[in-house]
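Notes follow the structure.
2 protein chains.
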Amino acid sequence: MTLRISNKMQVVRGSVIRQMAEAAATQEGAISFANGNPSSDTFMVEEFARFAADIFYKDPNSVLQYGLSQGYPPLIHALKDRLSTVWGIDFEKNDLIIVSGGQQACDFASKLLLNEGDVVIVEEPSFASCYNTFRSYGATLVGVPMCSDGMDLDKLEQALKDHSEARMLYVIPSFQNPTGFTTSAEKRQKIYDLAKAYNVAIFEDDPYCELRFSGKDIKPIKSLDQDGLVLYAGSFSKVMAPAFRLGFLVFDKSLTTRMIVSKQCTDVHSSLLFQNITYRCMTECDYEGHLANSRAIYKKKSQLMYVELKKKLHPAIRCSQPEGGLFMMLFLPEGMDATPFVWEALRRGVVCVPGSGFMIDQEAPNNGLRLCYSTATEEEIIRGTDILGNLSHEWLTK
Amino acid sequence: MTLRISNKMQVVRGSVIRQMAEAAATQEGAISFANGNPSSDTFMVEEFARFAADIFYKDPNSVLQYGLSQGYPPLIHALKDRLSTVWGIDFEKNDLIIVSGGQQACDFASKLLLNEGDVVIVEEPSFASCYNTFRSYGATLVGVPMCSDGMDLDKLEQALKDHSEARMLYVIPSFQNPTGFTTSAEKRQKIYDLAKAYNVAIFEDDPYCELRFSGKDIKPIKSLDQDGLVLYAGSFSKVMAPAFRLGFLVFDKSLTTRMIVSKQCTDVHSSLLFQNITYRCMTECDYEGHLANSRAIYKKKSQLMYVELKKKLHPAIRCSQPEGGLFMMLFLPEGMDATPFVWEALRRGVVCVPGSGFMIDQEAPNNGLRLCYSTATEEEIIRGTDILGNLSHEWLTK
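Which chain is which? The protein sequence lines are A and B, in order.
What the first sequence shows, in numbering that gives the first Met the number 0, is residues 0 to 397, in sequence order.
What the second sequence shows, in numbering that gives the first Met the number 0, is residues 0 to 397, in sequence order.
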């Protein structure tokens with residue numbers, strides 16, 4: 000007997016990022032610009048250890064028995080406070096649950112909004128694990144190309160016109176993965192207006208917003224939302240630690256009960272220990288100082304990588320210059336596929352991820368490649384960009 | 000604008016167990032037989048604290064950065080070893096991933112196998128959070144009544160005949176929640192044969208199997224599976240701690256890639272810290288002694304509650320006598336609804352959960368009520384059964 004796989008799970012795909020990571024693992028001493036991990040230098044390890052010990056010795060059952068599905072109330076309170084004060088989100092209208100990372104926020108948004116056959120309009124390229132999440136609920140993806148200040152709005156409107164079955168619009172407004180691009184304030188407003196006009200929900204995925212290291216903060220689309228059409232996802236993966244598996248989802252208050260039931264019947268609740276530690280890091284420590292320190296680390300690495308690449312790369316290769324987050328993207332000349340370039344770079348000891356891995360059709364040629372500067376040392380950035388620079392000159396003058 | 004909710008999420012329901020817990024919270028000093036929590040006395044708190052401190056001081060990044068979606072390899076290895084040696088599961092044919100508790104195993108099984116409109120055949124009564132999970136993938140539930148040795152097989156076969164669109168059969172074979180009933184070895188074989196004959200997958204949910212305190216262990220249905228039709232879910236919630244949010248799912252090897260992608264696009268991976276701690280508890284500590292201690296605690300409480308109830312309850316009330324796990328069930332005389340009885344018990348200071356909360360139709364009258372003996376003290380069990388006994392005599396002689 001062969002089990003019948005559900006229609007929706009027949010179309011999910013393996014991750015190109017993981018393929019690269021596995022290939023890289025066989026390449027001893029390779030410099031990795033591949034994984035989107037935060038820098039371990041930003042982890043508040045001393046505090047994590049201290050708070051964990053404190054609670055295990057003083058009140059272990061509070062982090063060992065079942066907890067509330069919506070999350071640890073003090074953390075929810077602290078988060079709402081920060082999101083309203085700093086990011087302009089209105090908690091008279093909205094509510095929030097704690098989820099197991101931004102990925103689960105995407106899972107819940109999809110489960111809540113998508114019927115099989117619905118269209119999700121997505122930035123392209125974008126974070127492919129969320130593409131897979133949408134597919135795992137039977138959605139069809141329609142891509143809108145990214146410009147350096149956000150989606151191409153004409154093409155977005157055309158997509159909305161062409162697909163009346165579209166139910167969701169997926170955006171990463173700040174320091175997008177993989178491009179590093181940020182959607183401008185003007186475009187955020189226009190995206191919101193278009194979504195409203197065409198009656199489409201927005202899933203706003205904003206895991207990097209606290210990591211701006213140049214330019215001025217731009218408020219999330221959720222801060223513009225008077226109509227309850229934006230589901231806003233945040234994450235502690237980049238500002239605490241990925242393996243905390245903690246994020247949050249903000250949504251119109253009318254959805255609260257369904258979100259809690261969704262959490263109950265998916266995985267009951269997220270880690271109480273890490274919710275407790277995160278709360279204490281936010282309220283008992285110098286959390287602003289911690290964020291400032293993280294931003295300074297990423298600023299230094301990002302600028303170093305950018306300057307070295309500009310100096311070393313063949314001039315026909317464009318390079319995005321992020322104002323925050325973990326990623327930048329190289330663009331080979333139009334029409335050139337970056338995948339063989341990436342494999343050659345790997346052979347020479349530098350791991351990066353081909354742009355095709357962030358496209359709806361991963362088989363089609365794509366001229367982009369993603370570089371993550373967050374985990375490499377400065378010496379690795381210099382050595383890795385040397386290799387990429389030399390390769391680019393050989394590659395483009397062949 | 001009002002967001003359109005997906006068809007499948009329009010039918011999920013709030014949990015009666017949580018309603019009872021909330022009602023109980025307003026009842027000061029109430030004795031709770033309501034929550035299915037393990038006893039905190041079973042937690043290896045010293046070991047948890049020691050292992051957490053050890054890893055935070057020696058190798059924090061190994062539990063802070065992103066990990067493998069399939070789980071921590073040493074834990075996977077230790078689990079496969081135990082499941083093959085003790086429980087007869089064949090890992091030549093099968094594979095295993097670590098998930099965030101048994102609830103997520105149910106979520107993945109549902110996502111993998113269910114199209115909207117499919118029927119899931121379920122034991123009735125059963126664990127309602129899994130009913131909700133099936134609903135959240137658009138399934139329709141068909142109930143088969145439970146006998147004290149497992150499902151009524153005639154009614155199961157009738158259900159399979161009547162519903163050719165059935166794709167999954169949901170069973171809790173050991174110390175079932177809520178009844179405490181265990182499916183006999185004979186019935187396990189017959190259930191497997193029927194599922195095979197009617198081409199239906201089995202989702203075998205076995206969170207309590209390590210907690211047998213009388214009688215002999217019965218091997219899971221998965222141990223009979225030569226055809227790859229059983230998805231077997233286990234949990235660390237009852238043998239480590241619920242808030243570890245760790246469980247596992249065993250499935251035919253042909254499904255490995257899809258399961259890993261499912262984890263990637265749902266929540267990336269489960270807690271690395273708790274996977275590490277669980278592995279060390281299983282391999283560096285006296286894990287058998289820990290399980291024996293847990294079984295002894297539950298045996299004592301279960302037997303005390305059973306003896307007290309037999310002595311005190313009106314003789315028209317039946318009481319299940321579990322051989323393991325956390326639950327027993329009272330059955331008022333046929334045709335009598337237990338819900339008003341439960342509310343009156345709450346008013347008198349004892350919290351339990353009405354059987355209707357474990358039925359497909361939660362509105363219909365039901366004569367059952369679930370008692371959990373795991374968290375109450377012996378003194379509370381004696382005092383609580385006094386109250387239930389007195390109430391039963393008043394109730395049935397009115």
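Note that the Cβ used here is the ideal one computed from N, Cα and C, for glycine as well.
Every value quoted in this text rests on a predicted model; they were computed, and no experiment measured them.
| task | Would you mind telling me which residues of chain A sit closer than 9 Å to B:Met8, beta carbon to beta carbon, in chain order? | result | Taking a Cβ-Cβ threshold of 9 Å, the residues of chain A close to B:Met8 are Lys110, Leu111, Leu112, Arg257, Val260 and Ser261, in chain order.
| field | As assigned by DSSP and simplified to three states, the class of A:Met43 | value | Coil, per DSSP.
| message | Tell me the DSSP secondary structure of A:Glu122 in three-state form. | response | If DSSP states are grouped into helix, strand and coil, A:Glu122 belongs with the strands.
| field | Cross-strand partners of A:Asn366 (DSSP beta bridge) | value | Paired residue(s): none; A:Asn366 is not in a bridge.
| query | Is it buried or exposed for B:Gln157, if we count other Cβ within 10 angstroms and need 16 for buried? | reply | Exposed, because fewer than 16 other Cβ atoms sit within 10 Å of the Cβ of B:Gln157.
| field | Helix, strand or coil at B:Ile97 according to DSSP, with G and I counted as helix | value | Looking at B:Ile97 - three-state DSSP - the assignment turns out to be strand.
| field | Exposure label - B:Asn6; buried when at least 16 CB within 10 Å | value | Burial call: exposed.
| query | If we ignore side chains and look at the alpha-carbon of each, how far apart do B:Ser99 and B:Lys397 end up? | reply | If I take the Cα positions, the gap works out to 48 Å.
| request: To the nearest angstrom, report how far apart A:Ile75 and B:Val11 are at their CA atoms. | output: Cα to Cα, A:Ile75 sits roughly 24 Å from B:Val11.
| query | What residues match up with A:Glu203 in a beta bridge as DSSP calls it? | reply | Note: A:Glu203 is bridge-paired with A:Val170 and A:Tyr231 in the DSSP secondary-structure output.
| message | Give me the chain B residues within the contact set of A:Gln26, using Cβ-Cβ distance strictly less than 7 Å, ordered along the chain. | response | Contact annotation for A:Gln26 against chain B: no contact, minimum CB-CB distance about 19 Å [criterion: below 7 Å].
| query | For the segment 232-264 of chain A, which segments carrying the beta strand (DSSP E) assignment without a break, of at least 3 residues, lie completely within its bounds, in sequence order? | reply | Counting only runs of 3 or more residues that sit fully inside the segment 232-264 of chain A, the beta strand (DSSP E) segments are 246-251, in chain order.
| request: Quick one: give me the first and last residue of the alpha helix (DSSP H) that B:Thr132 is part of. | output: Unbroken alpha helix (DSSP H) run through B:Thr132: Ala127 to Arg134.
| field | Proximal chain A residues relative to B:Arg3, where beta-carbon distance stays under 9 Å | value | Within 9 Å Cβ-Cβ: Leu112, Asn114, Arg166, Asn198 and Ala200.
| Could you give the distance in angstroms between the alpha-carbon of A:Asn93 and the alpha-carbon of A:Leu112? | As the crow flies, the alpha-carbon of A:Asn93 is around 17 Å from that of A:Leu112.
| task | Can you grab the Cα-Cα spacing for the pair A:Glu393 / A:Ile316, in whole Å? | result | If you draw a straight line from the Cα of A:Glu393 to the Cα of A:Ile316, it comes to about 13 Å.
| Using a C-beta cutoff of 8 Å, does B:Cys435 count as contacting chain A? | Chain B is shown from 0 up to 397; residue 435 of chain B falls before or after that span and cannot be answered.
| task | Please name the residue in B:Arg346, B:Leu228 and B:Ser163 whose C-alpha comes closest to that of B:Asp192. | result | Ranking B:Arg346, B:Leu228 and B:Ser163 by CA distance to the CA of B:Asp192 puts B:Leu228 first.
| Inter-residue Cα distance where the pair is B:Thr376 and B:Leu303 | Taking the straight line from one Cα to the other gives about 10 Å.
| task | Classify A:Ile217 as helix, strand or coil using the three-state DSSP reduction. | result | Of the three classes helix, strand and coil, the one that applies to A:Ile217 here is coil, per DSSP.
| message | Just to confirm before moving on: does the CB-CB distance between B:Val118 and B:Val143 stay below 8 Å? | response | Taking 8 Å as the Cβ cut-off, B:Val118 and B:Val143 do not qualify as a contacting pair.
| query | Is the distance from the Cβ of B:Ala51 to the Cβ of A:Phe247 below 8 Å? | reply | Cβ distance not < 8 Å, so B:Ala51 and A:Phe247 don't count as in contact.
| request: Would you give the residue range spanned by the beta strand (DSSP E) that B:Met327 belongs to? | output: Under the DSSP assignment, B:Met327 falls in the beta strand (DSSP E) whose first and last residues are Phe326 to Phe330.
| Distance, A:Glu307 Cα to A:Phe243 Cα | Using only the alpha carbons, I get a separation of about 34 Å.
| request: Measure from the C-beta of B:Pro219 to each C-beta in chain A and report whether the shortest distance is under 8 Å. | output: Taking 8 Å as the CB threshold, B:Pro219 stays off the interface with chain A.
| field | Per-residue DSSP class, three states only, for A:Leu140 | value | Here A:Leu140 sits in strand by DSSP.
| field | From B:Glu209, B:Leu271, B:Leu159 and B:Val121, residue whose alpha carbon lies closest to that of B:Leu325 | value | Comparing Cα positions, the closest option is B:Glu209.
| According to DSSP, is B:Lys349 helix, strand or coil? | Inspection of the sequence shows that residue 349 of chain B is occupied by Val rather than by Lys. B:Val349 falls in the strand class under three-state DSSP.
| said: Contact criterion: CB-CB distance below 8 Å. Does A:Asn36 meet it with respect to chain B? | reply: It does; some Cβ of chain B falls within 8 Å.
| message | Distance check for A:Ser373 and A:Pro321, CA to CA, integer angstroms please. | response | The alpha-carbon of A:Pro321 is positioned some 12 Å away from that of A:Ser373.
| task | Spell out the partners DSSP gives B:Ile30 in its beta bridges. | result | As DSSP reads the structure, B:Ile30 sits in a beta bridge with B:Val349.
| request: Determine the direct distance from the alpha carbon of A:Phe174 to that of A:Gly149, and round the result to whole angstroms. | output: The C-alpha of A:Phe174 is placed about 10 Å away from the C-alpha of A:Gly149.
| Closer than 7 Å at the beta carbon, the chain A residues around B:Gln103 | Think of a sphere of 7 Å around the beta carbon of B:Gln103: the chain A residues whose beta carbon falls inside it are Thr265 and Asp266, in chain order.
| Taking Cβ-Cβ distances below 7 Å as the criterion, which residues of the segment 63-75 of chain B are in contact with chain A? | Of all residues in the segment 63-75 of chain B, Leu63, Gln64, Tyr65 and Gly66 have a Cβ within less than 7 Å of some Cβ in chain A.
| Per DSSP, which one or two residues make a beta bridge with B:Met145? | Under DSSP, B:Met145 shares a beta bridge with B:Met150.
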